[in-house]
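Since the structure comes first, as structure tokens, the remarks are kept for the end.
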Amino acid sequence: MGVNKEQIKTIINGILFIDDPDTIQDETRIFLDLSFNSIDFIDLVFELGSLCGQEIKPETLWPFPKMMLDDQQYLKGNWTAFGLATIQDYLGKPLPPDTALKDLYPYFTLNYIEHVLNRVQECV
Amino acid sequence: MNNKTVIVTGGSSGIGHSIVGRLAEEGHEVCFTYCSSGRAAHELNRCHPNALPLQVDFLKPASFDAFLNKLTTLPVPDTIINNFGVNHDSLFLNQSLDDFFTTFDQNFRVPVAITKMLLNGMIERRGGNIIYITSVAASHTKIGNSAYGTSKASLERFAKSLALEVARFGIKVNCIAPGFVDTPLLNRYLESSHLDKKTLLKNTPFRKLLIPDDIANIVMSLINGTLNTTGSVISVGNGENIQ
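Heads up: the sequence lines are chains F and V, in that order. All residue numbers in the first sequence are consecutive under my numbering, ending with 161. All residue numbers in the second sequence are consecutive under my numbering, ending with 721.
Have a look at this one:
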């Protein structure tokens, strides 16, 4: 069963006690503009898993912190070619090798979440 | 009836035995661990068919790993009661690091690892109770209990962090910190410390020891919701626990 942006928005509204349905737009920066914290993120992951009918791991939805622990993808403060390719695959755009984790936070949007969930093939 | 599935570590003697018995009497499905007290464990099971014993030696990595894997095959419990613990009082000055960390690992790493193994299922279910049986030794320092006291203090600190993290998911995390409870563990402590029970009683303000049922009563209150709290360390004693 696929998941659409309205469903994702409903979940996030519930987590953050947001009443105004127009608060979250497609490109709202969920981490930065809504003060979405790590517990909120875990909450979202579990809710999306319930919606998709399968377990979704946190690193599936936001893989970058774990990627930074992998020398194949991130080495000495820079993303490797492999890492950059993975980032582009997730974010849809190329980024410089010295991109910091905090520089990726703006990309965590409704569009991003829908895109990632569509990559999880069983969710399509 | 609101029957629950409960896992109890160290369930064949002392406090654990009392907890398992009470849970089983009230109709809950219990899975409890034992190490060498096989006879007591199977007697408990004979009296309460809904109390299933699982043999595990937490000191042996292979046995512990097998137990953790076994947990993944069981239904996600409503409640985890981390009761298992060891106490080998010894002067740190005379103690090997191996001995120190054996006590610490048994009392801290084991319950933390069990919690980690079962937590995702409880989060997914959005509910549950995690209880750690700690000790007055976590807050009352005395010569010779550095390993035991430190491990219990660490467990209490961990429980509070965990309580904060899982509150969102409807999971309550609490510690019960008993003072002196009349159990085989206490008897071994008295023997190894060359103390006698009479002296202990004389120095306990209420002149009484707790009994295992006193702890089981609090466990039941947490499970059935009559005691509604999370992130708490419930200190229980007859005055020896007063700071």
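The C-beta atom is built at its ideal place from N, Cα and C for all residues, glycine as well.
May I ask whether a heavy atom of the ligand NAD can be found less than 7 Å away from the beta carbon of residue i?
| i | result |
| --- | --- |
| Leu532 of chain V | With respect to the ligand NAD, the structure shown offers nothing to examine, as it has no ligands at all. |
In chain F, which residues lie with their C-beta within 9 Å of the C-beta of residue i?
| i | result |
| --- | --- |
| Arg646 of chain V | Ile52, Ile76, Asp77, Ile79 and Asp80 |
Can you grab the Cα-Cα spacing for the pair residue i / residue j, in whole Å?
| i | j | result |
| --- | --- | --- |
| Lys94 of chain F | Ala591 of chain V | 19 Å |
| Ala658 of chain V | Val153 of chain F | The residue you asked about is not Ala; residue 658 of chain V is Phe in the sequence shown. Those two C-alpha atoms are separated by around 55 Å. |
| Leu549 of chain V | Pro143 of chain F | 40 Å |
| Val40 of chain F | Thr123 of chain F | 22 Å |
| Leu722 of chain V | Gly488 of chain V | Since the displayed chain V opens at 479 and closes at 721, residue 722 of chain V lies outside it and no answer follows. |
| Tyr512 of chain V | Asp70 of chain F | 51 Å |
| Pro656 of chain V | Pro553 of chain V | 30 Å |
| Asn50 of chain F | Leu81 of chain F | 10 Å |
| Ile723 of chain V | Phe119 of chain F | No answer is possible for residue 723 of chain V: the residues shown for chain V start at 479 and end at 721. |
| Phe145 of chain F | Tyr667 of chain V | 55 Å |
| Ile52 of chain F | Thr704 of chain V | 28 Å |
| Leu532 of chain V | His520 of chain V | 10 Å |
| Ile654 of chain V | Val714 of chain V | 7 Å |
| Ser639 of chain V | Pro133 of chain F | 37 Å |
| Pro555 of chain V | Lys130 of chain F | 44 Å |
| Leu597 of chain V | Thr97 of chain F | 19 Å |
| Phe73 of chain F | His495 of chain V | 44 Å |
| Lys686 of chain V | Lys538 of chain V | 36 Å |
| Thr708 of chain V | Ser515 of chain V | 32 Å |
| Tyr127 of chain F | Tyr149 of chain F | 8 Å |
| Thr60 of chain F | Ile45 of chain F | 13 Å |
| Val486 of chain V | Arg156 of chain F | 41 Å |
| Ser490 of chain V | Leu112 of chain F | 51 Å |
Checking contacts by CB at 8 Å: is residue i closer than that to chain V?
| i | result |
| --- | --- |
| Phe73 of chain F | no |
| Phe83 of chain F | yes |
| Gly120 of chain F | no |
Residues of chain F with a CB under 7 Å from the CB of residue i: which are they?
| i | result |
| --- | --- |
| Glu643 of chain V | Ile76 |
| Ile601 of chain V | Phe83 |
Is there at least one Cβ from chain C nearer than 8 Å to residue i's Cβ?
| i | result |
| --- | --- |
| Ile712 of chain V | In the structure shown, chain C does not exist; the protein chains are F and V. |
Go through its chain and collect everything with a Cβ distance to residue i's Cβ below 7 Å, but skip five positions before and after it.
| i | result |
| --- | --- |
| Gly86 of chain F | Glu92 and Ile93 |
| Thr581 of chain V | Val564, His566, Ala625, Tyr626 and Ser629 |
| Asp135 of chain F | Gly114 and Asn115 |
| Thr619 of chain V | Gly627 |
| Cys509 of chain V | Ile485, Leu530, Leu532 and Leu552 |
Cutting at 8 Å between CB atoms, please list the residues of its own chain near residue i, excluding the five before and the five after it.
| i | result |
| --- | --- |
| Ile696 of chain V | Ile654, Leu705, Ile712 and Val714 |
| Asp577 of chain V | His566, Ser568 and Ala625 |
For residue i, which residues in the same chain have their Cβ closer than 6 Å to its Cβ, ignoring the five residues on either side in sequence?
| i | result |
| --- | --- |
| His526 of chain V | Ala502 |
| Val534 of chain V | Thr511, Ser541 and Phe545 |
| Asp660 of chain V | Leu687 and Ile689 |
Original post:
Within the chosen definition, does the region 599–610 of chain V reach the region 664–683 of chain V through at least 3 CB pairs nearer than 8 Å?
Top reply: Taking 8 Å as the limit for Cβ pairs, the verdict is that the region 664–683 of chain V does not touch the region 599–610 of chain V.
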